[in-house]
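J.: Chains as they are written, first to last, in the numbering used here: chain A, 44 to 432; chain B, 326 to 427.
Where a beta carbon is used, it is the ideal one built from N, C-alpha and C, also for glycine.
In C-alpha cells, the structure reads:
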C-alpha cells in the first residue's frame with residue numbers, strides 16, 4: 044500500500060514536472076536588442092516574451108541561424124561573438140569570441156557546421172555546431188596577401204558555403220564535406236564591392252549585389268563551370284545615384300513566380316527581374332532607399348522597409364499587379380520584418396520606439412505591440428529548415 | 326597673436342554653437358545607430374572604417390566635418406548635410422575625438 048502511494052506521488056511529481064518543462068520550439072523566435080547586447084525569446088502564437096538572454100556582446104548587425112532540431116539559436120555578433128542559445132532552457136549554452144569584427148553566418152545543410160563571415164581578420168571560420176570548436180579557417184586572401192572583408196555568406200546544397208569578398212570583388216564557394224580539407228572554388232572579377240548576397244529558395248542561384256558598380260553578380264550553382272555573370276549591368280545608369288544612408292540587405296529574397304524583387308541601390312525603387320532571362324521588367328517607385336524586400340511565404344505580397352531618413356515607413360507590394368497597395372507607418376526606425384511560417388502575420392521591429400509590432404497581412408491591421416529595447420533583427424525558428432537563411 | 330585670435334574665435338563659436346540637450350541626444354542616437362549601421366555600434370568599424378580616437382586624431386577637424394557633410398566620393402559614405410548643420414557636425418567630431426564613450 045505504502046509502495047503504491049509512493050508510486051502515485053512519484054508519478055504525479057514527474058508528470059507535473061514534465062508539464063512545467065515541456066516547450067516546443069517551432070513557433071518561437073529570437074529578437075535582437077542591439078544596443079543592450081541582449082535577445083528576447085518570443086512565442087509567435089501567444090505574442091509573448093518568454094525570456095531575455097543577456098551578455099551577448101555587440102549586437103549591431105547581428106543575425107541568427109537555428110539548429111535543425113530548432114532547439115538552439117546561433118547568434119552572430121559584430122564583435123566576433125558566436126553564441127549558442129538554448130531555447131528550451133532560456134540560457135546561453137556556449138559562447139566564444141571567434142574574430143575581431145564579424146558580419147554574419149550560416150548553418151550547413153546537414154546542421155553539423157556553423158560558418159561565420161568576418162571583416163577582421165577577413166575570412167570565414169567554420170565551427171562544430173555541437174561544441175563550437177573550430178574545424179576550418181579560410182582566410183579571404185587576395186592580391187598581395189591582403190585579406191578581404193567577407194559578406195553574403197549562405198549555405199547551399201551539396202555541403203557548400205558560398206560567400207563574397209567585398210574588397211576583392213570575388214565570390215568563393217567552399218565544399219566542407221570533409222571540413223579538414225575544404226575544397227575552395229574562386230570566381231574572380233565578379234564586380235566591384237559586392238555588399239551582400241542571397242540564395243534563391245530552391246538553392247540554385249547565388250546573387251551578389253554590387254555597390255561599386257551597376258548590376259548584380261549571378262552564380263548558377265547547377266552550372267558552376269559557366270562562372271559568374273553580370274545581370275542588369277545598365278539599370279539606372281542615366282539616373283542620378285541618390286545617397287544611401289543604410290546598405291540594403293538581400294536576405295529575404297522575394298521570388299514570385301518568374302519574377303524576383305530586389306532593392307535598387309541609390310534609387311528609390313524596387314526592381315522586378317524576370318528570372319528566366321535575367322532581365323529587368325519593372326521598376327516600382329517606393330518612398331525611400333529600400334533595405335529589406337521580403338516576400339510573404341506565399342509570395343503574394345512583398346513588404347519593404349527603408350533606410351534613414353525614410354525608415355518610419357513600410358510599403359507593401361502586391362505581386363499580382365507589381366504595384367504598391369498599402370503603406371504603413373509603424374513608428375520610428377523600422378529595422379526588420381519576419382513573417383510567421385505560413386505568412387498570416389508579420390512581426391516588425393521599431394528601434395527608436397522600443398517596440399515590436401505584429402500585423403495581420405490580410406487586413407494590414409495592427410494586432411499587438413510588445414516592448415523591446417532598441418530591437419533590430421527578428422528571427423523565427425522556421426528558418427531552421429530553409430536554405431540560405 | 327593672430328593665430329590666438331583665430332583660435333579663440335573658432336573655440337568660442339564652437340562653444341556658443343553647442344546643440345541643446347535634446348538635439349545632443351538626437352545626434353548621439355544618430356551616431357550610434359545610423360552612423361553605426363556601417364561603422365559599428367561601438368564605432369570600431371564595420372563596412373565603413375573605425376571612428377575611434379586613434380583612427381581620427383591625425384585628421385584635421387575641417388576634413389572630418391567635410392566628410393560628414395559632403396560624404397566621400399567613390400566610397401559608401403553619403404552626405405549628411407540635409408540632416409545636420411556644420412556646427413552640429415563639428416560638435417560630433419569633437420565628441421568623437423574626446424572620448425569613445427558617447
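1) Applying the 10 Å Cβ sphere with the 16-neighbour rule, what's the burial state of residue 265 of chain A?
2) Consider the Cβ of residue 235 of chain A: report whether some Cβ of chain B lies at a distance smaller than 8 angstroms.
3) Cα separation between residue 355 of chain A and residue 333 of chain A?
4) What does the Cβ neighbour count give for residue 88 of chain A, buried or exposed, with the cut at 16 atoms within 10 Å?
5) List the residues of chain B that residue 289 of chain A touches, going by C-beta distances under 9 angstroms, in chain order.
6) Taking the alpha helix (DSSP H) that residue 414 of chain B belongs to, which residues open and close that run?
7) Kindly list the residues whose CB is nearer than 8 angstroms to the CB of residue 248 of chain A, restricted to its own chain and excluding five residues on each side of it in sequence; keep chain order.
8) In this structure, does DSSP put residue 406 of chain B in helix, strand or coil?
9) Just checking my contact of residue 336 of chain A with residue 357 of chain A at CB under 8 angstroms: how many whole Å lie between their CB atoms?
10) Check distances from the C-beta atoms of the region 61 to 95 of chain A to those of chain D and list, in chain order, the residues that come in under 8 angstroms.
11) Taking a cut of 7 angstroms between CB atoms, which residues from the region 248 to 276 of chain A lie near chain B?
12) Should residue 352 of chain A be labelled buried (16 or more other beta-carbon atoms within 10 Å of its own) or exposed?
13) From residue 415 of chain A to residue 383 of chain A, what does the alpha carbon distance come to, in whole angstroms?
14) Span of the beta strand (DSSP E) holding residue 91 of chain A?
15) How would you call residue 240 of chain A, buried or exposed, if buried means at least 16 neighbouring beta carbons within 10 angstroms?
16) Select from the region 394 to 415 of chain B all residues with a C-beta closer than 7 angstroms to any C-beta belonging to chain A, and list them in chain order.
17) Give me the chain A residues within the contact set of residue 392 of chain B, using Cβ-Cβ distance strictly less than 8 angstroms, ordered along the chain.
18) Span of the alpha helix (DSSP H) holding residue 386 of chain B?
19) Taking Cβ to Cβ, would you say residue 363 of chain B is nearer than 8 angstroms to residue 290 of chain A?
20) Helix, strand or coil for residue 345 of chain A, going by three-state DSSP, please let me know.
21) Applying a beta-carbon distance threshold of less than 9 angstroms, which residues of chain A neighbour residue 417 of chain B?
T.: In brief:
1) exposed
2) no
3) 12 angstroms
4) exposed
5) 359, 362, 363
6) 411 to 423
7) 242, 261, 262, 263, 264, 318
8) helix
9) Not a contact, Cβ separation roughly 11 angstroms.
10) Structure shown: chain D not included; protein chains present are A and B.
11) 254
12) exposed
13) 19 angstroms
14) 91 to 96
15) buried
16) 396, 401, 403, 404, 408
17) The contacting residues do not exist; residue 392 of chain B stays about 13 angstroms from chain A at best.
18) 386 to 395
19) yes
20) strand
21) What residue 417 of chain B touches in chain A: nothing, since even the nearest Cβ is about 15 angstroms away.
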